[in-house]
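A.B. asks: Okay, handing you the structure first.
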Amino acid sequence: MPTHPLVRSVVLIALAFTLVATALLAYLSLAGSRPAMQDRYVTERENRPDPFRLRGCLDLALGTDPCNPGSTSASLPPHAAHLLNSVYAYASAKRGHSPNTRVLGATPEVSSPIMQGRNVQLTLQASEQDLAQTTADCYTGNTRACQRCHWCNTSKASSMFEGARARSLGLLVLDAQTGAIEAAASAYTACFAQQQRGEHPGTGCPELPNQLVPHLDRLGNQSLEQTAKLGSLTKIGIALALQQTDLSAAEAAALPNILTHSLTLPLIDIVMCKARGFDTQCAQARLTAIANMAQALGWRGQQADVLSAGQIPGLSALRFTARFMHNADGSALTSVPLALNRQALQACSQRAWHQCAGLDLGRLVPELFGTGEALASPFGVSNALLHLAAAANAQSAVSQAHLVQSAQDDNAKPLTPQAFRRPAVTKAQADAVIQGLIPGATIGTARSACLAAATAWPGGLLPCAAKANSPSALRIAGKTGTSVFSTDQGKNISLPLPQWRARCSRFAQALESSGSNKSNRYILKNEVRKCNMQPTKLYAFMVSKPGSSRWERIVVVFSERNWNQHTQLIDSPNDRGSNVAAEAGLAFANALYHPKVQP
Numbered sequence: 000m001p002t003h004p005l006v007r008s009v010v011l012i013a014l015a016f017t018l019v020a021t022a023l024l025a026y027l028s029l030a031g032s033r034p035a036m037q038d039r040y041v042t043e044r045e046n047r048p049d050p051f052r053l054r055g056c057l058d059l060a061l062g063t064d065p066c067n068p069g070s071t072s073a074s075l076p077p078h079a080a081h082l083l084n085s086v087y088a089y090a091s092a093k094r095g096h097s098p099n100t101r102v103l104g105a106t107p108e109v110s111s112p113i114m115q116g117r118n119v120q121l122t123l124q125a126s127e128q129d130l131a132q133t134t135a136d137c138y139t140g141n142t143r144a145c146q147r148c149h150w151c152n153t154s155k156a157s158s159m160f161e162g163a164r165a166r167s168l169g170l171l172v173l174d175a176q177t178g179a180i181e182a183a184a185s186a187y188t189a190c191f192a193q194q195q196r197g198e199h200p201g202t203g204c205p206e207l208p209n210q211l212v213p214h215l216d217r218l219g220n221q222s223l224e225q226t227a228k229l230g231s232l233t234k235i236g237i238a239l240a241l242q243q244t245d246l247s248a249a250e251a252a253a254l255p256n257i258l259t260h261s262l263t264l265p266l267i268d269i270v271m272c273k274a275r276g277f278d279t280q281c282a283q284a285r286l287t288a289i290a291n292m293a294q295a296l297g298w299r300g301q302q303a304d305v306l307s308a309g310q311i312p313g314l315s316a317l318r319f320t321a322r323f324m325h326n327a328d329g330s331a332l333t334s335v336p337l338a339l340n341r342q343a344l345q346a347c348s349q350r351a352w353h354q355c356a357g358l359d360l361g362r363l364v365p366e367l368f369g370t371g372e373a374l375a376s377p378f379g380v381s382n383a384l385l386h387l388a389a390a391a392n393a394q395s396a397v398s399q400a401h402l403v404q405s406a407q408d409d410n411a412k413p414l415t416p417q418a419f420r421r422p423a424v425t426k427a428q429a430d431a432v433i434q435g436l437i438p439g440a441t442i443g444t445a446r447s448a449c450l451a452a453a454t455a456w457p458g459g460l461l462p463c464a465a466k467a468n469s470p471s472a473l474r475i476a477g478k479t480g481t482s483v484f485s486t487d488q489g490k491n492i493s494l495p496l497p498q499w500r501a502r503c504s505r506f507a508q509a510l511e512s513s514g515s516n517k518s519n520r521y522i523l524k525n526e527v528r529k530c531n532m533q534p535t536k537l538y539a540f541m542v543s544k545p546g547s548s549r550w551e552r553i554v555v556v557f558s559e560r561n562w563n564q565h566t567q568l569i570d571s572p573n574d575r576g577s578n579v580a581a582e583a584g585l586a587f588a589n590a591l592y593h594p595k596v597q598p
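Per numbering that gives the first Met the number 0, the sequence shown starts with residue 0, numbered consecutively.
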């Protein structure tokens, strides 16, 4: 060691620096041998959309290169921005890894590769979407659409507000075997949109009660996101459930006619075991079977993925399905023992199943009527009919309605939704119910609608215009569903719009000044709620071409009825007259399967 102080200091500093450098190198060597900790901030950044890369291609079910230019955007369902935004987000290119590369403006000398996101192919069929959308547009008063829609019956439209047969209409079309949504048409009038936005009605609009609550959510796609009371569509679920109980031969024989003519009172008599003297154990068992069937059909009041049926991670959009015989929390109305007794059941049956005594009967009977808490979207109804079609077609598995045919994962591998459930019923049980649904368009509740649709474009194959079940007629098995509306007062009495508006106003004013009288307030609240109910119509059917032994398509139609500007009555008052939802659906089927070349 040097003795000079300055030299000694320099040596010590150099030695210290050497030791620190050696330790640092050793640490870095050790750290490099360990796996790097994931930085969530880096991960989030890499998963963000990159505006300088191309979004993956979106196309319809054409079986071609999804990046070929075409009219895809013009064929997408209207009023479905929230759904399509989920698709666009999935297809967006990320700042990190993107699975595709596009070469733009390439020449032999120059190429410009650009990273691109995941491609998505939808199930929509362009021709069917256009046919369905034209039908929906025309029935809601679009004059340009009606000029094209020679298959639409517009004879009643001129007497309705806005020249529209319906204030809103959604038309959903599915492949009965795969559940692929081939069309999701949606249309509504300007007056309907103004009402749902809470705006003052414009010129030419029906003057509805001021107490009506606006609902912006009703301006979504009418075939996927609208909801309505099930009405008599509950009869399909009830009849399927009863096939799995100990029906007598007479009860089983009565079901087809009940379905054809939508006879609610005899059906409830069967559910409540009238033939066995209203045996309470029998009634409890049948009610439980109905609740179990509702759950199997997806009618628990839950949401389901309308995009990929929950099978493609990151590509989903949950939408309400249906609720029947279940509470808002998803529990069945029969999950606790029911307080039923023979005397109460018999007395209620004698009063045509109205004003039933007891809390349980007061909740259950409205459900069987398709009112109460029963609620459904066309999407939810279609999922139930997929079970019916799958069983009748002898399929081993049933799919869920979905809009995505295939989508790439992060490595460009195509992912496709698959059928993943067993049908809720057997083929024999499905066939027994279908037996009662087939005559509906010829002698049942859809007959007048079928005749109206057949008149618009003669020479078609609708069963009401040809001999039913003949080789020349379409096979159609369907059911109408009409919710109770407060203008209808029974005994063929329906209130005109001014009287109904005044009635709703009186109830609203009485509720405001009712004070603390709980019983009176309950009655008034119920009446005000009735005023806020939509005058809806539903129609759901399966269809196949003449001679086919397999059901090909499922069609579900939602509509809100319009008002006659001359009589001021609601369309089809007291459920008399053509069901506009059935008319639009059957007009679509008439055009889709029409043997003539369109003019």
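We treat Cβ as the ideally placed atom computed from N, Cα and C, and that holds for glycine.
Here the structure is a predicted model, which is why all the values come from computation and not from measurement.
Note down, in chain order, each residue of its chain lying with its Cβ closer than 6 Å to the Cβ of residue 250, except the 5 sequence neighbours on either side.
C.D. replies: By 1-based counting over the sequence shown, the position of residue 250 is 251. Closer than 6 Å at Cβ, skipping near neighbours: 269.
A.B. asks: Count the other C-beta atoms from every protein chain shown that fall within 10 angstroms of the C-beta of residue 142, then say buried if there are 16 or more, exposed otherwise.
C.D. replies: In the sequence shown, residue 142 corresponds to position 143, counting from 1. Residue 142 is exposed by the Cβ-count criterion.
A.B. asks: Short check: CB of residue 232 to CB of residue 537, under 7 Å?
C.D. replies: As a first step, residue 232 must be located in the sequence shown, where it is residue number 233. As a first step, residue 537 must be located in the sequence shown, where it is residue number 538. A contact, by the Cβ cut-off of 7 Å.
A.B. asks: With burial defined as no fewer than 16 other Cβ atoms inside 10 Å of the residue's Cβ, what is the status of residue 102: buried or exposed?
C.D. replies: Taking the first residue of the sequence shown as position 1, residue 102 is located at position 103. Exposed, by the Cβ-count rule.
A.B. asks: Measuring straight from C-alpha to C-alpha, what distance separates residue 86 and residue 47?
C.D. replies: Working through the sequence shown from its first residue, we reach residue 86 at position 87. Working through the sequence shown from its first residue, we reach residue 47 at position 48. Looking at the two C-alpha atoms, the distance is approximately 15 Å.
A.B. asks: Quick one, which of 206, 534, 266 and 315 has its alpha-carbon nearest residue 435's?
C.D. replies: As a position in the sequence shown, residue 435 is number 436, starting the count at 1. For residue 435, the nearest C-alpha among the options comes from 266.
A.B. asks: By Cβ distance below 8 Å, which residues in the same chain neighbour residue 308 in space, the five residues on each side in sequence not counted?
C.D. replies: Within the sequence shown, the letter at position 309 stands for residue 308. Once the five neighbours on either side are set aside, the close Cβ partners of residue 308 are 178, 398, 399, 400, 401, 416 and 419.
A.B. asks: Since residue 424 is in the beta strand (DSSP E), which residue starts that stretch and which ends it?
C.D. replies: Here residue 424 is taken as the residue at index 425 of the sequence shown, counted from 1. From DSSP, residue 424 is part of no beta strand (DSSP E); its letter is neither H nor E.
A.B. asks: Roughly how many angstroms lie between the CA atoms of residue 242 and residue 291, to the nearest whole one?
C.D. replies: Against the sequence shown, residue 242 aligns to sequence position 243. Against the sequence shown, residue 291 aligns to sequence position 292. For residue 242 and residue 291, the distance between alpha carbons rounds to 13 Å.
A.B. asks: If contact is defined by three or more beta carbon pairs under 8 Å, each pair taking one atom from either stretch, is the region 420 to 439 in contact with the region 119 to 129?
C.D. replies: At 8 Å Cβ cutoff, the stretches do not touch.
A.B. asks: Is residue 494 closer than 7 Å to residue 509 when the C-beta atoms are compared?
C.D. replies: Counted from its first residue, the sequence shown places residue 509 at position 510. Counted from its first residue, the sequence shown places residue 494 at position 495. No, the Cβ-Cβ distance between residue 509 and residue 494 is not below 7 Å.
A.B. asks: Do residue 483 and residue 370 have their CB atoms nearer than 7 Å?
C.D. replies: As a first step, residue 483 must be located in the sequence shown, where it is residue number 484. As a first step, residue 370 must be located in the sequence shown, where it is residue number 371. A contact, by the Cβ cut-off of 7 Å.
A.B. asks: DSSP three-state call for residue 276: helix, strand or coil?
C.D. replies: For the purposes of this step, residue 276 is taken as residue 277 along the sequence shown, with counting starting at 1. Looking at residue 276 - three-state DSSP - the assignment turns out to be coil, as it is neither helix nor strand.
A.B. asks: Can you have a look at residue 81 and say buried or exposed, based on whether 16 or more other CB atoms are within 10 angstroms of its CB?
C.D. replies: The residue labelled residue 81 in the question sits at position 82 within the sequence shown. By the neighbour-count rule (16 or more Cβ atoms within 10 Å), residue 81 is not buried but exposed.
A.B. asks: What does the Cβ neighbour count give for residue 378, buried or exposed, with the cut at 16 atoms within 10 Å?
C.D. replies: The count along the sequence shown starts at 1 and reaches residue 378 at position 379. Buried.
A.B. asks: DSSP state of residue 676, grouped into three classes?
C.D. replies: Missing from the structure shown is residue 676; the chain here goes from 0 to 598 and no further.
A.B. asks: Evaluate residue 252 with the Cβ neighbour count: other Cβ atoms within 10 Å of its Cβ, from every protein chain shown; 16 or more gives buried, anything less gives exposed.
C.D. replies: Position 253 of the sequence shown, counted from the start, is the residue given in the question as residue 252. Exposed, by the Cβ-count rule.
A.B. asks: Can you tell me which of 570, 306 and 339 puts its alpha carbon nearest to the alpha carbon of residue 284?
C.D. replies: If you number the sequence shown from 1, residue 284 lands on position 285. Checking every option, the nearest Cα to that of residue 284 belongs to 339.
A.B. asks: Out of 111, 117, 100 and 172, state which residue places its alpha-carbon closest to the alpha-carbon of residue 135.
C.D. replies: Along the sequence shown, read from residue 1 onward, the residue named residue 135 stands at position 136. Comparing Cα positions, the closest option is 172.
A.B. asks: Using 8 Å for Cβ pairs, my map puts residue 599 next to residue 183. What's the rounded Cβ distance?
C.D. replies: Outside the modelled stretch of the chain, which goes from 0 to 598, sits residue 599, for which no answer is possible.
A.B. asks: Determine, using beta-carbon pairs with one atom in the region 498 to 507 and one in the region 538 to 550, whether at least three such pairs fall under 8 Å.
C.D. replies: Output reads no: the region 538 to 550 does not touch the region 498 to 507.
A.B. asks: Quick one: is residue 238 buried, meaning 16 or more other Cβ sit within 10 Å of its Cβ, or exposed?
C.D. replies: As a working note, residue 238 is residue 239 in the sequence shown. Buried is the call here.
A.B. asks: Among 480, 479 and 463, which residue has its Cα nearest to the Cα of residue 472?
C.D. replies: As a first step, residue 472 is located in the sequence shown; it is residue number 473 there, counting from the start. Considering only alpha carbons, the answer is 463.
A.B. asks: Could you check the C-alpha separation between residue 62 and residue 540 for me, to the nearest Å?
C.D. replies: By 1-based counting over the sequence shown, the position of residue 62 is 63. By 1-based counting over the sequence shown, the position of residue 540 is 541. Here the model assigns residue 62 a pLDDT of 49, short of 50, so the residue's position is not dependable and the matter cannot be decided.
A.B. asks: Could you say if the region 154 to 164 and the region 560 to 569 meet the contact criterion of at least three C-beta pairs nearer than 8 Å?
C.D. replies: They touch, by the three-pair rule.
A.B. asks: Relative to the C-alpha of residue 271, which candidate in 344, 480, 181 and 180 has its C-alpha closest?
C.D. replies: The residue given as residue 271 occupies position 272 in the sequence shown. Answer by Cα proximity: 344.
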